[in-house]
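Report on the structure given below.
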Amino acid sequence: MPRQEVLERIKTAEQEADDIVEEAEAKREELVAEARREADEIRSEAEEEAAELESERLQEGRADIESERERILEEGEDARDELVAEAEDHIDDAVEFAIGQFEEAVDAQT
């Protein structure tokens, strides 16, 4: 094989190698860009999911607080009703006691 032909084949092989490297570099850049897009999409979806979970938990917490509030109010109303009923049971005794004290005071003055 003549020297000129060998040199041409070497140049051609070098050019082909450069083309392959260039294509590989372009493909690598394309893959990296796609991976970044996918990562951004995954991160965005995760952030949305986290926000939804936060909102759901906040709503659940508010519902739990409201239920506890209602339970406490009902207990308070029941306790109030018991106190009122007990006080009403003692009204006659209190009136009798007050009348007795008044009578004693009047008797003591006469």
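According to my numbering, the stretch in the sequence shown is residues 724 to 833, in order.
The beta-carbon is built from N, C-alpha and C at its ideal position, and this holds for glycine as well.
Cα-Cα separation, V755 to E761: Position 32 of the sequence shown, counted from the start, is the residue given in the question as residue 755. Position 38 of the sequence shown, counted from the start, is the residue given in the question as residue 761. If I take the Cα positions, the gap works out to 10 Å.
Any C-beta of chain D under 7 Å from that of I733: Considering every chain present, this structure includes no chain D. It has just one protein chain.
Cα-Cα separation, S790 to L776: Working through the sequence shown from its first residue, we reach residue 790 at position 67. Working through the sequence shown from its first residue, we reach residue 776 at position 53. When rounded, the distance between both Cα atoms is 21 Å.
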